[in-house]
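A.B. asks: So the protein lines, in turn, are chains A and B.
Quick note on the numbering used here: the first sequence kicks off at 997 and runs consecutively.
Quick note on the numbering used here: the second sequence kicks off at 517 and runs consecutively.
Heads up, the beta-carbon is just placed ideally off N, CA and C, and yes, glycines get one too.
I'd like to ask some things about the structure below.
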Amino acid sequence: SPKHHSQRARKKNKNCRRHSLYVDFSDVGWNDWIVAPPGYQAFYCHGDCPFPLADHLNSTNHAIVQTLVNSVNSSIPKACCVPTELSAISMLYLDEYDKVVLKNYQEMVVEGCGCR
Amino acid sequence: GASHASLIPETGKKKVAEIQGHAGGRRSGQSHELLRDFEATLLQMFGLRRRPQPSKSAVIPDYMRDLYRLQSGEEEEEQIHSTGLEYPERPASRANTVRSFHHEEHLENIPGTSENSAFRFLFNLSSIPENEVISSAELRLFREQVDQGPDWERGFHRINIYEVMKPPAEVVPGHLITRLLDTRLVHHNVTRWETFDVSPAVLRWTREKQPNYGLAIEVTHLHQTRTHQGQHVRISRSLPQGSGNWAQLRPLLVTFGHDGRGHALTRRRRAKR
C-alpha cells in the first residue's frame, strides 16, 4: 500500500548513506590563496546501521558481529556509518612564498559509505 | 589573532559564540583559540606552515591553470591542445606536487657573447619542502613567430640550456663554467612554448644540496643575420616589440615532486556521454 511504501522509503532514508557537504573556500576566507577549485563536494556519511546489515553497506565481519551483539545487548553500540571509499582532489594555490603549486590531496572526497 | 579570524565568516563566528554562550558562558578568548587551532589543523593537513597571504603582484602562470584543468578533468584535452599544451604524462605520473618558479630577474647578460643572446637565470627553489623529493624539472621558454622574408633557411635558431657550475665572479668574464643540459634546433616561423629537461641541475640543487648558480640560456642563430637578433625567444623583459604580456610569457621553471603522502597526480578524464 502507499502508506507501507512511504514507511519503507522513510526507513531506507535513515540508513547509512552519503550526504552532500559542499566546502566553499570563499566561505572560510581562503579564496585569496586557493586559485582552484573555488570549493568542492566533500560529502559525509550519516545514518543507521540496523540489524541485519544490508549487503550494500560494505560491512566488515567485525561490524556484522558487533551489530549482532547489539541486537541482544544494547550496551554495545551499533556499527558506525563511516566513509569506506575516498578519493583525491587537486588544488592550485599560492603558497607562503607566492609560488604557484598544484598538489594532489588524498582522501578529500567520500565516494562510498558503509557500516564499520 | 586577527590574521586567523578569516577562517569562519562573521555569521559563523557569531554562531560559535552563541553555542559557547549556551554551553555555559565560556570566555570569548576560547572561541578565537578554537578558530586558531581549527585553521592550524587544516593548514597542517595541506602541508603549509602558515596561512599564505599572496601579494598583489603574484601571477598565476597560464600553464599551471591549464595543467590544473587537464588534471582535474575540468577541460577536455582537445580544448587544451588548441593552446599547444601537452599534459606531462611521465613526470606527473611520479609526482603529487607540481611547483612553478619565475626567475629572480637578476638577469645577467653574459658578457663576451656579442653575436648571440645568452642569459643567466636564477631560480630560488628554497620554498620546496625538505620532505618533497623532486623527480624531474622542466624549463619552459616562449618563442614568438618572427615575420621573415623569402629566405627561409636563415630562420633557424639553436636554443642551448646550461647549468652554471661556478659563480660568475670566480671565472674570467665572458667564460662561464657550464654544462649542457638540453638543446633544440627551432625555426622562427612558429609561435609556441618549448620545454627543456633541466632535471639533472634541479636534482643536484635539491637532492644533493649542491649550490644553485642558475641556468644559462643561449640562443644562437645558425646564420649570423642581425635582422631578428633577440626577437624570437622570450627570455628578456626588454624586447623591441614591447613587454606587455611579459608576466605570462616569461621563462618558467616547473618541478615535479612527491612528498611521500598519497598517490601521484592521476588525470580524471570526463566520461563521454
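Report the residue from B/Gly773, B/Val714, B/Glu660, B/Phe658 whose alpha carbon sits nearest the alpha carbon of B/Val680.
C.D. replies: B/Val714
A.B. asks: If you check the beta carbons only, do B/Thr771 and B/Ala653 fall under 8 Å apart?
C.D. replies: yes
A.B. asks: In terms of alpha-carbon separation, which member of B/Ile576, B/Trp668, B/Ala556, B/Ser547 lies closest to A/Trp1029?
C.D. replies: B/Ile576
A.B. asks: Using a Cβ-Cβ cutoff of less than 7 Å, which residues in the same chain neighbour B/His619 once the five nearest sequence positions on both sides are dropped?
C.D. replies: For B/His619, where only same-chain residues beyond five positions count, the Cβ hits under 7 Å are Phe637, Leu638, Phe639, Pro767.
A.B. asks: Do you know how far the Cα of B/His737 is from the Cα of B/Asn632?
C.D. replies: Any reading at B/Asn632 needs caution, since the residue's pLDDT is 48, under 50, leaving its predicted position unreliable; the model's value is listed next. Taking the straight line joining both Cα atoms gives about 7 Å.
A.B. asks: Tell me which residue opens and which closes the beta strand (DSSP E) that B/Ala611 is part of.
C.D. replies: B/Ala611 -> no beta strand (DSSP E), and no H or E assigned at all.
A.B. asks: Return the Cβ separation of A/Asn1057 and A/Gly1108 in integer angstroms, given the expectation that the two are a contact with Cβ distance under 8 Å.
C.D. replies: With a Cβ gap of about 18 Å, A/Asn1057 and A/Gly1108 do not count as contacting.
A.B. asks: Would A/Val1106 pass as a contact of A/Tyr1040 if the rule is Cβ separation under 8 Å?
C.D. replies: A/Tyr1040 is positioned such that its CB atom lies closer than 8 Å to that of A/Val1106.
A.B. asks: Under 9 Å between beta-carbons, which chain B residues line up against A/Glu1092? List them in chain order, please.
C.D. replies: Per Cβ cutoff of 9 Å: Leu564, Arg565, Arg566, Arg567, Pro568, Gln569, Ser643.
A.B. asks: Check whether the Cβ of A/Asn1069 sits closer than 7 Å to any heavy atom of the ligand COA, and report yes or no.
C.D. replies: Of ligands this structure carries none, so the ligand COA is not represented either.
A.B. asks: Hey, out of A/Pro1034, A/Glu1081, A/Ala1032, A/Pro1033, whose CA is closest to A/His1052's CA?
C.D. replies: A/Glu1081
A.B. asks: Quick one: does A/Val1096 have its CB under 8 Å from some CB of chain B?
C.D. replies: It does; some Cβ of chain B falls within 8 Å.
A.B. asks: Put A/Lys1095 into one of helix, strand or coil per three-state DSSP.
C.D. replies: Coil.
A.B. asks: If you reduce the DSSP assignment to three classes, tell me which class B/Tyr579 lands in.
C.D. replies: helix
A.B. asks: For B/Leu583 versus A/Asp1091, is the C-beta distance shorter than 8 Å?
C.D. replies: no
A.B. asks: Out of A/Leu1017, A/Cys1012, A/Tyr1036, A/His1015, which one is the CA nearest neighbour of A/Leu1088?
C.D. replies: A/Tyr1036
A.B. asks: Inspect the CB distances between the segment 1071-1081 of chain A and the segment 547-557 of chain B and report whether three or more fall short of 8 Å.
C.D. replies: Under the 8 Å Cβ criterion, the segment 1071-1081 of chain A does not count as touching the segment 547-557 of chain B, having fewer than three qualifying pairs.
A.B. asks: Using a C-beta to C-beta distance shorter than 7 Å, which residues of chain A count as neighbours of B/Leu583?
C.D. replies: Leu1098
A.B. asks: Can you give the beta carbon distance from B/Tyr678 to B/Glu724, rounded, assuming they're within the 8 Å contact cut?
C.D. replies: Actually they do not touch by this definition, with Cβ atoms about 18 Å apart.
A.B. asks: Taking Cβ to Cβ, would you say B/Leu765 is nearer than 8 Å to B/Phe658?
C.D. replies: yes
A.B. asks: For B/His779 and A/Gln1102, which I take to be in contact (beta-carbon distance under 8 Å), what is that distance rounded to the nearest angstrom?
C.D. replies: 6 Å
A.B. asks: Quick check on A/Trp1026: buried or exposed, where buried means 16 or more other Cβ atoms within 10 Å of its Cβ?
C.D. replies: buried
A.B. asks: Does DSSP put B/Phe554 in a helix, in a strand, or in coil?
C.D. replies: helix
A.B. asks: Have a look at the DSSP bridge pairing and note the partners of B/Leu696.
C.D. replies: B/Tyr678
A.B. asks: Grab me the residues of B/Leu655's own chain with a C-beta within less than 7 Å of its C-beta, minus the 5 sequence neighbours each way, in chain order.
C.D. replies: Ile677, Phe712, Val714, Leu731, Pro767, Leu769
A.B. asks: For A/Leu1088, would you say it is in contact with chain B, using Cβ-to-Cβ distances shorter than 8 Å as the test?
C.D. replies: yes
A.B. asks: What do you reckon, are the CB atoms on B/Ile650 and B/Leu697 nearer than 8 Å?
C.D. replies: no
A.B. asks: Tell whether a beta-carbon distance below 8 Å holds between B/Asp775 and B/Thr557.
C.D. replies: no
A.B. asks: Have a look at A/Asn1011 and A/Val1078 and give me their C-alpha separation to the nearest angstrom.
C.D. replies: 12 Å
A.B. asks: Where B/Leu641 and B/Glu549 are concerned, what is the direct C-alpha to C-alpha distance, given to the nearest angstrom?
C.D. replies: Take the alpha-carbon of B/Leu641 and the one of B/Glu549: they are about 34 Å apart.
A.B. asks: Between the Cα of B/Arg708 and those of B/Glu660, B/Ser547, B/Arg674, spot the shortest distance and give me the residue it belongs to.
C.D. replies: In this structure, B/Glu660 is the residue among B/Glu660, B/Ser547, B/Arg674 with its C-alpha nearest to the C-alpha of B/Arg708.
A.B. asks: Check the Cβ of B/Asn612 against every Cβ in chain A and list those closer than 7 Å, keeping chain order.
C.D. replies: In chain order: Lys1099, Asn1100.
A.B. asks: For A/Val1065, which residues in the same chain have their Cβ closer than 6 Å to its Cβ, ignoring the five residues on either side in sequence?
C.D. replies: Ile1072
A.B. asks: Any Cβ of chain B within less than 8 Å of the Cβ of A/Ala1032?
C.D. replies: yes
A.B. asks: For A/Asp1028 and chain B, any beta-carbon pair shorter than 8 Å?
C.D. replies: Answer yes: the Cβ-Cβ gap between A/Asp1028 and chain B drops below 8 Å somewhere.
A.B. asks: Check A/Thr1063 in the structure and name its three-state DSSP category.
C.D. replies: helix
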